[in-house]
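Residue numbers for the sequence shown, in the numbering used here: 184 to 407. We treat Cβ as the ideally placed atom computed from N, Cα and C, and that holds for glycine. One structure is given below, encoded as structure tokens.
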Amino acid sequence: MKKRLRRGWRDAGGSFTLEATMVFPVILMVTFLVILFALYVAQKAIVYYEASAAAERAAFSWSNSAKELRTGAYPSGRYEGLYWRLTEDRMLAGLFGLETKALVSVPGNGGGKADGGGLAERKLAAAANSLKASAAGEWSYSNSVLVRRLAGEASNDSVPEALRILWPAAEIRTEAAAVVVEPAEFIRTVDLVRYYTLKIRGSSEGEEPYRSKALAVLKARQPS
């Protein structure tokens with residue numbers, strides 16, 4: 184009996200089949216998981232690229248709301264108002280400490296609606312609605328006088344179902360940002376900041392009263 188057992192343990196016949204039966208399903212499962220994860224990463228990269236491109240195009244076209252985002256072209260004679268950077272672009276508001284942020288919430292493709300309908304909100308809505316392969320979320324624009332920045336969210340529901348079962352928290356959501364760059368306007372802004380800084384500091388009534396008066400004037404001129 185003992186000899187038979189020893190002979191059986193030493194016999195390698197069928198070991199390859201046994202190993203293949205045990206190992207192959209594991210390899211197959213790992214391969215499928217890698218493929219699903221690769222699809223997830225690729226889809227997220229596509230969404231990020233689209234959101235980033237929309238933000239960069241909006242930043243490039245920020246000087247004129249009539250510009251076509253993809254080409255930068257605009258109809259002849261279509262320009263913004265003369266002082267739009269001071270008022271609707273929130274430069275003076277940022278200089279004197281008022282609200283400097285514009286927000287737009289877009290629930291889905293092509294359905295962008297600007298809260299308040301201001302110039303900055305319309306530009307943000309145009310950028311959000313330019314997304315094709317993903318749905319836009321909240322887009323925002325802030326002007327801190329020297330830095331003008333816009334940011335946006337994008338998402339996509341096309342998570343592989345098998346991956347969603349294994350990883351319920353899996354979602355394709357990304358954020359992109361861009362800075363509005365206008366070299367000539369930046370020089371003018373620096374000069375404006377220097378002028379108002381000297382004006383406020385040299386005020387006979389003090390810095391805070393002068394700033395409070397300026398804030399009151401700005402609030403009175405803001406649309407209700």
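Unbroken beta strand (DSSP E) runs of no fewer than 3 residues, entirely contained in the stretch 315–383, are found at 318–326, 331–339, 355–362, following chain order.
Inclusion of GLU358 and SER338 in the CB contact set at 8 Å is not warranted, their separation being larger than that value. Of the candidates VAL364, SER325, ILE218, GLY389, the residue whose Cα lies closest to the Cα of ASP272 is SER325. Per DSSP, reduced to three states, the secondary structure at ALA249 is coil, with no helix or strand assignment. Contact check for PRO343 against TYR223 passes: the beta carbons are separated by less than 8 Å. By the neighbour-count criterion, in which 16 or more other beta carbons inside 10 Å mark a residue as buried, MET205 falls on the exposed side. ALA310: member of the alpha helix (DSSP H) spanning 302–312, first to last residue.
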